[in-house]
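A.B. asks:
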Amino acid sequence: MKLGNSLFNARKKSGHSQEEIAAKLGVSRQTISKWETSETVPDIYQAKKLATIYNISLDELVSYDIEVKEIEEAIDKVSEKTQKEVDWTKLWGKKYPILLTYANEVDIDHYQQGLKQLLDQLQTTYKYDKTDAFLVLKDILGKLYTAQ
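First residue of the sequence shown: 341, per my numbering; consecutive thereafter.
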């Protein structure tokens with residue numbers, strides 16, 4: 341994503357107008373517009389001030405992705421109770437249909453036994469509770485997947 345697009349999305353998300361930002365930084369509205377259309381870029385000091393105004397880090401501002409930010413905020417807002425009520429397999433199955441069909445093809449019991457042993461080892465060795473052991477195992481599998 342271009343920096344200009346990141347600046348635009350961060351400003352919109354924060355609810356500020358170009359005029360408001362320009363006034364806070366002591367620049368013209370046209371300068372803000374040029375930054376947001378990637379015609380020019382703010383210097384590092386202005387970028388730091390923008391990040392402060394938008395209540396995000398400079399790193400977040402540079403790579404601001406409105407969709408990722410909205411997903412993160414949505415996850416933060418979901419209560420533990422609601423998380424347990426969601427059929428995650430069905431939900432993710434809309435994006436990844438294999439999640440809805442593999443159970444008819446894969447010998448699940450065979451894999452569950454091995455995974456159960458790994459979960460038990462994580463719980464015993466590191467004194468993780470069931471949820472933490474599951475999350476660690478999930479993360480290890482994710483790293484294995486992305487390393488290939």
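Quick reminder that beta carbons are idealized off the backbone N, C-alpha and C, glycines included.
Measure the C-alpha to C-alpha separation of Asp-383 and Ile-411 and round it to an integer number of angstroms.
C.D. replies: Looking at the two C-alpha atoms, the distance is approximately 29 angstroms.
A.B. asks: Straight-line CA distance for Lys-374 to Tyr-404?
C.D. replies: So the alpha carbons of these two residues sit roughly 17 angstroms apart.
A.B. asks: As an exercise, report each continuous beta strand (DSSP E) stretch of at least 3 residues that is fully enclosed by the stretch 411-447, in chain order.
C.D. replies: Complete beta strand (DSSP E) runs here, min 3: none at all.
A.B. asks: Look at Arg-351 and Leu-398 and say whether their C-beta atoms are less than 9 angstroms apart.
C.D. replies: Result no, Cβ atoms of Arg-351 and Leu-398 do not sit closer than 9 angstroms.
A.B. asks: Our contact map puts Gln-463 next to Lys-470 with C-beta atoms below 8 angstroms; I'd like the distance itself, whole angstroms only.
C.D. replies: With a Cβ gap of about 7 angstroms, Gln-463 and Lys-470 count as contacting.
A.B. asks: Quick one: complete alpha helix (DSSP H) runs, 4+ long, within the stretch 364-403?
C.D. replies: Whole alpha helix (DSSP H) segments, 4+ residues: 369-376, 384-393 and 398-402.
A.B. asks: Identify whether Gly-344 lies in helix, strand or coil by the three-state DSSP scheme.
C.D. replies: Three-state result, Gly-344: helix.
A.B. asks: In its own chain, which residues sit with a C-beta less than 8 angstroms from the C-beta of Leu-455, not counting the 5 before and 5 after it?
C.D. replies: Closer than 8 angstroms at the Cβ level, and outside the excluded window around Leu-455, lie Leu-477.
A.B. asks: Going by the CB atoms, is the gap between Val-402 and Gln-386 shorter than 9 angstroms?
C.D. replies: Cβ distance not < 9 angstroms, so Gln-386 and Val-402 don't count as in contact.
A.B. asks: Alpha carbons only, please: which of Lys-430, Glu-379, Tyr-485 and Asp-449 is nearest the one belonging to Thr-441?
C.D. replies: Among Lys-430, Glu-379, Tyr-485 and Asp-449, the Cα nearest to that of Thr-441 belongs to Lys-430.
A.B. asks: Under a three-way DSSP split, which group does His-450 fall into?
C.D. replies: Looking at His-450 - three-state DSSP - the assignment turns out to be helix.
A.B. asks: Along the alpha helix (DSSP H) that carries Lys-470, what are the first and last residues, could you check?
C.D. replies: Segment 470-487, the alpha helix (DSSP H) holding Lys-470.
A.B. asks: What's the gap between the Cα of Tyr-394 and the Cα of Leu-343?
C.D. replies: Spanning the two alpha carbons is a distance of roughly 15 angstroms.
A.B. asks: Taking only the alpha-carbon atoms, compute the straight-line gap between Pro-437 and Asn-444 and give it to the nearest angstrom.
C.D. replies: Each residue's Cα considered, the two are about 13 angstroms apart.
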